[in-house]
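A.B. asks: Take 1 as the starting number for the sequence shown in full-length UniProt numbering and just add one per residue.
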Amino acid sequence: EALGLFTGIGLSEAKARETLRNGTLSALLRRAVLQARSALGPALDKATGTLLYNAAARLKDPKHLGFLVGYIARREILTDLQLSAALEYVRSHPLEPLDVADFERACGVGVCVTPEQIEEAVEAVINKHRAELLAERYHFNMGLLMGEARSQLRWADGKTIKNEVDLQVLHLLGPKTEADLEKKPKVAKARLAPAEKQKVAVVENGDMGTETKSLLEQLRGEALKFHKPGENYKTEGYVVTPNTMALLKQHLAITGGQVRTRFPPEPNGILHIGHAKAINFNFGYAKANGGVCFLRYDDTNPEKEEEKYFTAIREMVEWLGYQPYAVTHASDYFDQLYTWALELICRGQAYVCHQKVEEIKGHNPPPSPWRDRPVEESLLLFEDMRKGKFGEGEATLRMKLVMEDGKMDPVAYRVKFTPHHRTGDKWCIYPTYDYTHCLCDSIEHITHSLCTKEFQARRSSYFWLCNALDVYCPVQWEYGRLNLLYTVVSKRKIIRLVETGAVRDWDDPRLFTLTALRRRGFPPEAINNFCARVGVTVAQATMEPHLLEACAREVLNEQAPRAMAVLEPLKVTITNFPAPKALEVLVPNFPADESRGFHKVPFHQTVYIEETDFREEADKGYKRLAPGQPVGLRHTGYVITVQNVIKVCGCGHRCWLSCPSCQDSLRVVHNALVDSSVRSARPFDKFQFERLGYFSVDPDSEEGKMVFNRTVTLKEDPGKA
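(1) Could you check where the alpha helix (DSSP H) with Met316 kicks off and where it finishes?
(2) With DSSP as the reference, label Ala541 as helix, strand or coil.
(3) Which residue wins for smallest C-alpha separation from Ala565, given the options Thr537, Ser676, Arg459 and Thr606?
(4) Taking the C-alpha atoms as reference points, what is the distance between Ile279 and Glu544?
(5) Quick one: Cα of Met408 to Cα of Ala330, how far?
(6) Any idea if Glu305 is buried or exposed, counting beta-carbon neighbours within 10 angstroms, 16 or more meaning buried?
(7) Relative to the alpha-carbon of Asn301, which residue among Thr396, Glu178 and Tyr433 has its alpha-carbon at the smallest distance?
(8) Could you tell me which whole beta strand (DSSP E) segments of length 3 or greater appear in the stretch 283 to 370?
(9) Assign Lys60 to buried or exposed, taking buried as 16 or more other Cβ atoms, counted over all protein chains shown, within 10 Å of its Cβ.
(10) Taking the DSSP output, what are the residues bridged to Val601?
(11) Taking the beta carbon of Ala14 as the centre, do at least 16 other beta carbons fall within 10 Å, making it buried, or is it exposed?
(12) By DSSP, does Phe708 sit in helix, in strand, or in coil?
(13) Tell me which same chain residues have a C-beta within less than 7 Å of the C-beta of Met146, skipping the five on either side of it?
(14) Is Trp340 closer than 8 Å to Leu439 when the C-beta atoms are compared?
(15) Spatial neighbours of Gln540 within its chain, please: C-beta separation below 7 Å, excluding the five flanking residues on both sides.
(16) Tell me the DSSP secondary structure of Leu397 in three-state form.
(17) With 16 as the cutoff for other CB atoms within 10 Å, does Asn709 come out buried or exposed?
(18) Output the boundary residues of the beta strand (DSSP E) element that contains Tyr430.
(19) Counting pairs of Cβ atoms below 8 Å between the stretch 285 to 298 and the stretch 507 to 516, do you hit three or more?
(20) How about Ala85 and Gly108: do their beta carbons lie closer than 8 Å?
(21) Kindly indicate which three-state DSSP category Lys234 falls into: helix, strand or coil?
(22) Select from Gly628, Thr641 and Tyr608 the residue whose C-alpha is nearest the C-alpha of Leu673.
(23) Answer yes or no: do Ser460 and Met403 have a C-beta to C-beta separation smaller than 8 Å?
(24) Are the CB atoms of Lys356 and Gly393 nearer to each other than 8 Å?
(25) Among His421, Phe294 and Tyr333, whose alpha-carbon lies nearest the alpha-carbon of Tyr309?
(26) If you follow the beta strand (DSSP E) that Ser84 is part of, which residue opens it and which one closes it?
(27) Nearest by alpha-carbon distance to Gln250: which of Leu11, His445 and Trp506 is it?
(28) So, is Ala201 buried or exposed, given that buried needs 16 or more other C-beta atoms within 10 angstroms?
(29) Residues in its own chain within less than 7 Å of Glu196 by CB, not counting five upstream and five downstream?
(30) Expressed to the nearest angstrom, what Euclidean distance is found between the alpha-carbon atoms of Val47 and Arg260?
(31) If you pair each beta-carbon of the stretch 554 to 563 with each one of the stretch 676 to 693, do three or more pairs fall below 8 Å?
What follows is the structure, given as structure tokens:
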């Protein structure tokens, strides 16, 4: 019966059988066809059948099916264009009753476009492009004429417009000639070099540069799929309650329709390279769309939180070029969160449980025997938790819901007898992430709660909790996290490395925390550019470190003035030095652009070259200093030749330390020499030491004893750290 019903509206037998395999779709389509038959009789034409099928297949909320089918059956919705407008209207107006007059205006119901109107609209468009049409004839893009005419007559039949365009073009140009039938020659597009294709904008102080596609541009594009502020209900999976529209109205009154995001780190460690993407995504999305971003510390676990982490997190956000709209803490809202917990219990949506932590771990823990305890009992026990009458692990407050990953009744509050850095001893119960996160977003009226993909399993609980308390419900959007190969970013593992002395601290230049990258000399623009190259992805991105280093080279090549240095100095005495005292040599800061200034370097009778730049016996192809093989001294205009070699026994000092991720990860060169132009450099100033790489002044530098960290070599070299 169903197969005949579906083929009777114009579906092929194969399509009808495919529809039958989808139980939900086939049930909706059967309802639609039977309703239409009751109005139009048993024989439905194919056009009506197509509209019915599309309505059943594309409608998100089945409660509106009968409403739409009525318009199709009454021949008031006649085209797919009208149906698309109708589907969009009911999706964006989830509450009943619908405003029928507004719906009909939005869908073009009753609008009659006459042949005369079509003729006039097409004639106006052709007159607008008359010169180009006469010049290009049938090589002109006729689709442009169609599009412009259609934009003036939204509800006109597309075929009728096309026929009118063809007729008027024929009248203007006459029949096609042989030249018109020849294919239009393709204009070759200028191809970008690979390096140009890779360029991205520098995001400095939160502002976008002028180069090609930046992260901000990508985020403006990403905005096309995100909901607009106040239109949360248009998001797939968003739960609409009877209070939703009123809450959204209040939300818009508070925010003025502005995009609001937040970056919510836990202050129990230093941010790493993965956090850089989160910072760029949250702050960048807000900036790209005219909004604001909060920096909110998720300080709900006082055992692991330290003031140095709070300070370092904000420093790193600002170092990357972003200024928070406001700096907030989850602890700012502890009183409100506690009040809402009481409300949740009163609504029968939370209960006090005494299962041990080990009992509720995993995906299939036994259900709590206390799940159905009376509300009054849970209220008294929760108050006892707050007063410290239960020990740690003896009682928790749990919410009554099943999460997407199957986890049942997540914990909302647990007992911890640890003073809080901001609230002191006021609390001995602290809220969990699952309870705190969405409610803090609601309090701050966040429009887009952007988080990494692993939190997707918590999206339903996010919506559930806000709706259970009848408060404004933001929308959670997930994106892919950024990982870097061969790096340690786990807070637990880094703490272990620090405690065992394998690394000095969180800012050890061998790590990939943001403080470590800054100390090593990575410019913030390079990290932002790296995030832009990774792109706005939903899938997890695992990248090679050399891609980050390539971004650093691009920025440092433009920013780092040049200086001369030798790591393994070899003394050279010039026997016929041309002056009785040192000469001053002008050296360009940027040899490729001398307009950016010069610095002076003293040229003495004694100079130092790299030990590897001299050989007593030169191999074939060796181009550096050797007996009988002179070389020039850079920037001086002088050539030196070997006259005599004096050998002196000496001992240079190198210090090697090991790191769990790689051997020989730290090399300290004590005897290196750098030209005097860097003497006044300050910590984090950056230079290119010619032929050696890019270096940054370390904060450990002292008067007369400068320390430089090599950021990257001049070219990618897997053999060099």
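Heads up, the beta-carbon is just placed ideally off N, CA and C, and yes, glycines get one too.
C.D. replies: Taking the definition as stated:
(1) Position 316 of the sequence shown, counted from the first residue, corresponds to residue 316. From DSSP, the alpha helix (DSSP H) with Met316 extends over Glu307 to Trp319.
(2) As a first step, residue 541 must be located in the sequence shown, where it is residue number 541. In this structure, Ala541 counts as strand in the three-state DSSP scheme.
(3) As a first step, residue 565 must be located in the sequence shown, where it is residue number 565. Answer by Cα proximity: Ser676.
(4) Your numbering for residue 279 matches position 279 in the sequence shown. Your numbering for residue 544 matches position 544 in the sequence shown. When rounded, the distance between both Cα atoms is 20 Å.
(5) As a position in the sequence shown, residue 408 is number 408, starting the count at 1. As a position in the sequence shown, residue 330 is number 330, starting the count at 1. Their Cα atoms are separated by approximately 24 Å.
(6) What you label residue 305 is simply residue 305 of the sequence shown in a count that begins at 1. So Glu305 counts as buried.
(7) Translated into positions along the sequence shown, residue 301 becomes position 301. Measuring from the Cα of Asn301, the nearest candidate turns out to be Tyr433.
(8) Given a length threshold of 3 residues, each whole run of the beta strand (DSSP E) inside the stretch 283 to 370 is given here in chain order: 292 to 297, 326 to 329 and 350 to 353.
(9) The count along the sequence shown starts at 1 and reaches residue 60 at position 60. Exposed, by the Cβ-count rule.
(10) By one-based count along the sequence shown, residue 601 stands at place 601. Answer is Val585.
(11) What you label residue 14 is simply residue 14 of the sequence shown in a count that begins at 1. Label assigned to Ala14: exposed.
(12) Reading the sequence shown from its first residue, position 708 is the one you call residue 708. Phe708 falls in the strand class under three-state DSSP.
(13) What you label residue 146 is simply residue 146 of the sequence shown in a count that begins at 1. Around Met146: Ile161, Lys162 and Val165.
(14) Position 439 of the sequence shown holds residue 439. Position 340 of the sequence shown holds residue 340. Yes, the pair counts as a contact, with Cβ atoms nearer than the cut-off.
(15) Here residue 540 refers to the residue found at position 540 when the sequence shown is read from its first residue. The residues are Lys453, Gly480, Arg481 and Asn483.
(16) Position 397 of the sequence shown, counted from the first residue, corresponds to residue 397. Here Leu397 sits in strand by DSSP.
(17) Residue numbering aside, residue 709 sits at position 709 when the sequence shown is read from its first letter. The residue is buried, with at least 16 neighbouring Cβ atoms inside 10 Å.
(18) Working through the sequence shown from its first residue, we reach residue 430 at position 430. It spans Ile429 to Pro431 - the beta strand (DSSP E) in which Tyr430 sits, taken as one unbroken run.
(19) no
(20) Within the sequence shown, the letter at position 85 stands for residue 85. Within the sequence shown, the letter at position 108 stands for residue 108. Yes.
(21) The residue labelled residue 234 in the question sits at position 234 within the sequence shown. Three-state result, Lys234: helix.
(22) Position 673 of the sequence shown, counted from the first residue, corresponds to residue 673. Ranking the options by Cα distance to Leu673, first place goes to Tyr608.
(23) If you number the sequence shown from 1, residue 460 lands on position 460. If you number the sequence shown from 1, residue 403 lands on position 403. Yes; because the gap between Cβ atoms is below 8 Å, this pair is in contact.
(24) Position 356 of the sequence shown holds residue 356. Position 393 of the sequence shown holds residue 393. Yes, these two residues count as a Cβ contact at 8 Å.
(25) Residue numbering aside, residue 309 sits at position 309 when the sequence shown is read from its first letter. Among His421, Phe294 and Tyr333, the Cα nearest to that of Tyr309 belongs to His421.
(26) Mapped onto the sequence shown, residue 84 falls at position 84. Note, Ser84: premise wrong, no beta strand (DSSP E); alpha helix (DSSP H) at Asp80 to Ser92.
(27) Taking the first residue of the sequence shown as 1, we reach residue 250 at position 250. Among Leu11, His445 and Trp506, the Cα nearest to that of Gln250 is on His445.
(28) For this step, residue 201 is matched to residue 201 along the sequence shown. Here Ala201 scores only 35 on pLDDT, less than 50, and its place in the model should not be relied on; the value that follows carries that caveat. Per the 10 Å Cβ criterion, buried.
(29) In the sequence shown, counting from the first residue as 1, residue 196 sits at position 196. Low confidence applies to Glu196: its pLDDT is 37, below 50, so where it sits in the model is not reliable enough to give any reading.
(30) Here the question's residue 47 lines up with position 47 in the sequence shown. Here the question's residue 260 lines up with position 260 in the sequence shown. Correcting the residue type first, residue 47 is Ala in the shown sequence and not Val. If you take the alpha carbons of Ala47 and Arg260, they lie about 45 Å apart.
(31) The stretch 554 to 563 vs the stretch 676 to 693: in contact.
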